[in-house]
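Numbering (our numbering), first residue to last: 828 to 1022.
The beta-carbon is built from N, C-alpha and C at its ideal position, and this holds for glycine as well.
One structure below.
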């Protein structure tokens, strides 16, 4: 099993165990709906967890089923939670290294005033990583313009980009559609720095 498949498997397993821990009277249909995965897939995971001794299944009146985490299931949940946290920390550590590298390229290219494209977690990490560097954040560009701002900075719409004065733009959004939009708005592709 490659890492991404294993990570997905562990993620689904952890989420099912979390659901069962929260409410033992959940149905497989409830779990399927809550986790947005196929009912048949939930059934496979439930059977596998029961076979491994991670959950206990008891039948009640009117064919109602209750699930309970076993001590082995609690231990497995702790292990999966630890693995998830380690994976998340490694992901953000790698992202931080890529961001630092991009900022180094921007500084080397003589950029001073920059925009960040996107306002998700990677954009937040980009902002935090920029502190202490000789770069000035002009603002953030996002399609879901939010009047609340971004760490006190203005959030601009796509239409605002041609009117803004900036030396470089850091792409903290990763869809192909976003890249096409950026290239259509910014003629000088040397200003575009992508993670």
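Taking C-alpha atoms, which residue in 1004, 852 and 991 lies nearest to residue 888? 852
Applying the 10 Å Cβ sphere with the 16-neighbour rule, what's the burial state of residue 998? buried
Endpoints, the beta strand (DSSP E) within which residue 966 is located: 963 to 968
**Prompt:** Does DSSP classify residue 864 as helix, strand or coil?
**Reply:** coil
*Test item: CB-CB of residue 895 and residue 878 under 8 Å*: no
Report the three-state DSSP secondary structure of residue 940 (helix, strand or coil).
-> strand
Beta-carbon proximity of residue 1023 to residue 1015, cut-off 8 Å: Because the chain in this structure spans residues 828 to 1022, residue 1023 falls outside the shown range and cannot be described.
Of all the options 1012, 875 and 844, which has the alpha carbon lying nearest to the alpha carbon of residue 944?
-> 1012
query = Fully enclosed by the region 851 to 910, which beta strand (DSSP E) runs are 3 residues long or longer?
reply = 882 to 886 and 892 to 896
* Would you call residue 904 buried or exposed, if buried means 16 or more other Cβ atoms sit within 10 Å of its Cβ? -> buried
Q) Can you tell which of 845, 967 and 942 has the C-alpha that lies nearest to the C-alpha of residue 1019? A) 942
Counted within 10 angstroms of its Cβ, other Cβ atoms place residue 832 as buried (16 or more) or exposed: exposed
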